[in-house]
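Structure first, commentary second.
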Amino acid sequence: METKISEIADGIYRLSTFVPDIAPPAGFTFNQFLIAGDEPLMFHTGLRKMFPLNRDAVSRIMAPERLRWIAFGHYEADECGAMNEWLAIAPNAVAAHGQTGCMVSLNDMADRAPRVLQDGETIDLGRGKRVRFIDTPHTPHGWDAGVMYEETTGTLLCGDLFTQLGDGAALTEGDIVGPAAAGEDLFQYSSLNPGMAATIRRLAKLSPRTLALMHGPSFAGDGAAALRALAEDYDRRLQDRSLAAGAIEAA
Ligand SMILES: [Fe+2]
Ligand SMILES: [Fe+2]
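Everything in the sequence shown is counted per our numbering, starting at 117 for the first residue and increasing by one.
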């Protein structure tokens, strides 16, 4: 396995590892995003077992011990499995996550106390980079779920939203909604919930110019339109599920 590096927005690097054995023959990517501020932030740590691979990839951009912030969408192995490995090699690094995630998982699981982020709270990373944490509970999954938005470049770090198969281009202007629907059909990874589409439509109001997908290419273009289309797809799935449940009750 190798980790490919691409700059998908000014000073935001995508570290992408393709695993052909997951969902073959298409395979599956795991992407981390490094924001190169004075206080560098990495969104997703990568799997614990991929730590050596990701550490070597980060070292092609900067000294890994300079890492200051470790953030991710929710508590799960691919999102934060290597959190403590990063905390061990980067003495000033701190995990930053929402209130729920810190209370439920990180206060116990992180080797150093985490920084608790309120919904909407920002961290100034320096060099013109500023990230905002946004709570998205249960969207796409995880009670503690959240995303991060880099305000200067208009980059939404989407986590598992728009998950798709395959190893496409690092950055695309093409359709990411169709491939995301196919990913949802296969994995059924989202916690379909009544608030889901509204949560995604709130993200559309940011009008992001770049969507950084954890599993898939990054997208450059009308992020609001893509998010609204994704919300519509989940509306349809929820409605289908309700109709199916109604049919079972009526039978
Ligand atoms: Fe996940
Ligand atoms: Fe993930």
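Each residue gets a CB set at the ideal place from its N, CA and C atoms; glycine is no exception.
heavy atom of ligand 2 below 7 Å from residue i C-beta
i: aspartate 194; result: yes
i: histidine 254; result: no
i: aspartate 276; result: yes
i: histidine 331; result: yes
Contact under 8 Å by Cβ, residue i with residue j
i: proline 140; j: arginine 182; result: no
i: glutamate 266; j: isoleucine 124; result: no
i: leucine 163; j: alanine 198; result: yes
i: leucine 343; j: isoleucine 364; result: no
i: leucine 329; j: cysteine 274; result: yes
i: proline 333; j: alanine 296; result: no
i: aspartate 351; j: alanine 313; result: yes
i: arginine 325; j: alanine 341; result: no
i: arginine 353; j: leucine 308; result: yes
i: threonine 145; j: leucine 131; result: no
i: tyrosine 129; j: phenylalanine 149; result: yes
i: valine 263; j: aspartate 349; result: no
i: arginine 243; j: asparagine 208; result: no
i: leucine 287; j: serine 122; result: yes
i: cysteine 196; j: threonine 238; result: no
Anticipated Cβ contact below 8 Å, residue i with residue j, distance rounded
i: proline 136; j: glycine 143; result: 4 Å
i: leucine 251; j: glycine 214; result: Correcting the residue identity first, residue 251 is aspartate in this sequence and not leucine. Right, the Cβ-Cβ distance comes to about 5 Å (below 8 Å), so this counts as a contact.
i: aspartate 260; j: glycine 311; result: No, aspartate 260 and glycine 311 are not in contact; Cβ-Cβ is about 15 Å, not under 8 Å.
i: isoleucine 186; j: alanine 212; result: 7 Å
i: histidine 331; j: asparagine 200; result: 23 Å between Cβ atoms; not a contact.
i: arginine 248; j: glycine 236; result: 6 Å
i: tyrosine 305; j: proline 253; result: At roughly 16 Å, the Cβ-Cβ gap does not stay under 8 Å, so tyrosine 305 and proline 253 are not in contact.
i: glutamine 180; j: alanine 204; result: The amino acid at residue 180 is misidentified as glutamine; the sequence shows proline. About 11 Å; that fails the 8 Å criterion.
Proximity test, residue i beta-carbon vs ligand 1 heavy atom, cut-off 7 Å
i: histidine 190; result: yes
i: histidine 213; result: no
i: histidine 160; result: no
Scan the region 141-173 and note each continuous alpha helix (DSSP H) run of 4 residues or more that stays entirely inside, going in chain order. none
For the region 274-351, which segments carrying the alpha helix (DSSP H) assignment without a break, of at least 4 residues, lie completely within its bounds, in sequence order? 293-303, 312-320
If you pair each beta-carbon of the region 168-175 with each one of the region 189-197, do three or more pairs fall below 8 Å? no
Three or more beta-carbon pairs under 8 Å between the region 217-230 and the region 267-277, yes or no? no
Would you call the region 290-304 and the region 355-366 touching, i.e. three or more CB-CB distances under 8 Å? no
Minimum length 4: unbroken alpha helix (DSSP H) runs contained in the region 179-257: Qualifying alpha helix (DSSP H) stretches, in chain order: 193-196, 199-205.
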